[in-house]
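For the sequence shown, my numbering gives the first residue as 1127, with consecutive numbering after it.
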Amino acid sequence: MITMTEIARLTGVSQPTVSRVLNGNTSVKPEVREKVLACAREHNFQPNAMARGLVGSGTKLIGVVLTDISNSFFADLEKYMEQAARKKGYSLILFNSDYDREKEKHCLDVMRRYRVDGLVIVPVAEHDAAFREDIKALDIPAVAITRETDQMDCVYIEHAEAGAQVAEHLKSVGCEHYIFVGTIEDKKYLGFAEKMKETDLHFEQKLTLIETKNSREIQGILKAHFDTHPGKTGIFAYNDRRAVQVHGILQKLGISMPERAALVGFDNTYTCEYLYPALSSVSQPNREMAEEAVNILIKNIGQPEGRELVAHPMGARLIVRESSEISEKERTK
């Protein structure tokens, strides 16, 4: 691949002049500028992003850290971020933290070496003081996405409000008991439980919590629950991966949906509509969230000083499908 030094030799101008032209400096004479650009085009010159970063002109690279890139929700988010960044002349470097703080710290260290211009991150522990210190030490603009995060710009979903939507839906289809697949610290659960308690003071006594991800353990908990609870149970899983896992186990156990189990996931990933019965799920505005995070970040890269932090909440919407809607049998009772 041709270098600036070789372009200088071929065009008969100095290497500093070639550098000024290729970095967009308009002070070079038009005829010299055109000669250099023509040579660069002819030989398919590719600038060294790392070298540009070292001289302070920016790398046009954005680091992205996601918690689980195997989850199709995050794959969608990355796709839309890449599209938004490319429109502004930026490229992405993608990292996966796997919900692990030590891996997250390693990702941030690698980004420091690559001298990225900015960062978009799904934090593992958004309220952790050590995480805030790690972000501060990077000394570049950073935006958190999907999570409301302390002391940094963030674009996030109103998880508690979305959880309340699920609660209202499961109550409306006649559920008598409830299962939450996830942890009670999750804002989705907090919104779900708060809405339930508004009309049912005994909600917590009717709740079963499943925190494990082990299929055999989940199957044991579900079997025990349905063996002792003959009525209809509403099941809310914190994401679609867990909901799909539960969906399969219910079918294995012969628990009919939606008659005995009304199942709702979160993220509305593409698999939802292809299951049988199709899976109800909370849909997030992935494209809008991704574009807003990238736009905020690029604005901050260009104007890093004298600005206020941005906290941009976005709403989500429950998509009701066959796994939780009122069945034809129930309608005709």
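Quick reminder that beta carbons are idealized off the backbone N, C-alpha and C, glycines included. What you are looking at is a predicted structure, and each value in this text was computed from that prediction instead of being measured.
Look at residue i and residue j and say whether their C-beta atoms are less than 7 angstroms apart.
i	j	result
ALA1290	LYS1339	no
ASN1222	LEU1192	yes
ASN1412	PHE1392	no
PHE1362	VAL1408	no
LEU1234	VAL1190	no
THR1137	CYS1165	yes
LYS1313	HIS1351	no
ALA1469	ILE1283	Residue 1469 lies beyond the stretch modelled for the chain, which goes from 1127 to 1459, so this question has no answer here.
ILE1381	ALA1388	no
ILE1375	ILE1336	no
VAL1269	LEU1423	yes
PRO1267	ILE1427	yes
THR1395	PHE1200	no
HIS1373	LEU1401	yes
SER1153	MET1130	no
LEU1333	ALA1369	no
Taking its Cβ as the centre, do 16 or more other Cβ atoms sit within 10 Å of residue i, making it buried, or is it exposed?
i	result
ARG1447	buried
LYS1161	buried
SER1196	exposed
ARG1367	buried
GLN1410	buried
ARG1273	buried
PRO1149	Sequence check: residue 1149 is Asn here, not Pro. Label assigned to ASN1149: exposed.
LEU1187	buried
HIS1295	buried
THR1225	It is Tyr, not Thr, that sits at residue 1225 in the sequence shown. When all chains shown are included, TYR1225 counts as exposed.
GLU1230	buried
HIS1328	exposed
ALA1263	exposed
THR1354	exposed
LEU1180	Bear in mind that the predicted position of LEU1180 carries a pLDDT of just 48, short of 50, making it unreliable; the figure below should be weighed with that in mind. LEU1180 should be labelled exposed.
ILE1310	exposed
Could you tell me how far apart the beta carbons of residue i and residue j are, in whole angstroms, since I believe they sit closer than 8 angstroms?
i	j	result
SER1449	PRO1403	5 angstroms
THR1359	TYR1315	Incorrect: roughly 16 angstroms between the Cβ atoms, too far for contact.
GLU1460	PRO1384	Nothing can be reported for residue 1460, as the shown portion of the chain is limited to 1127 through 1459.
THR1484	VAL1242	The chain is shown only over 1127 to 1459; residue 1484 falls outside these bounds and no answer can be derived.
ILE1261	MET1237	That belief does not hold up - the Cβ atoms of ILE1261 and MET1237 are roughly 11 angstroms apart, past 8 angstroms.
GLU1417	TYR1206	6 angstroms
ALA1251	ARG1227	6 angstroms
GLY1317	GLU1287	6 angstroms
VAL1147	ARG1159	5 angstroms
Between residue i and chain D, is any beta-carbon pair separated by less than 7 angstroms?
i	result
HIS1295	Among the chains of the structure shown, chain D does not appear; only one protein chain is present.
Tell me the DSSP secondary structure of residue i in three-state form.
i	result
LEU1187	strand
HIS1351	helix
LEU1423	helix
VAL1154	coil
VAL1299	coil
PRO1439	strand
VAL1162	helix
GLY1374	helix
SER1145	helix
ILE1344	helix
LEU1461	The requested residue 1461 does not occur in the structure, where the chain is confined to residues 1127 to 1459.
TYR1225	coil
TYR1304	strand
VAL1390	strand
LEU1363	One detail in the question is off: residue 1363 reads as Ala in this sequence, not Leu. ALA1363: strand per DSSP, three-state reduction.
ILE1261	helix
THR1395	coil
ILE1336	strand
ILE1445	strand
ARG1212	helix
ARG1239	helix
ARG1413	helix
THR1131	helix
ARG1167	helix
GLU1284	coil
GLY1138	coil
GLU1330	helix
ARG1433	coil
THR1325	helix
HIS1232	helix
GLU1204	helix
Could you pull the DSSP bridge partners for residue i from this structure?
i	result
ILE1219	GLY1189
ALA1293	BP columns for ALA1293 are empty, so no partner.
ALA1268	LEU1245
ASP1279	VAL1269
ILE1452	In DSSP, ILE1452 forms no bridge with anything.
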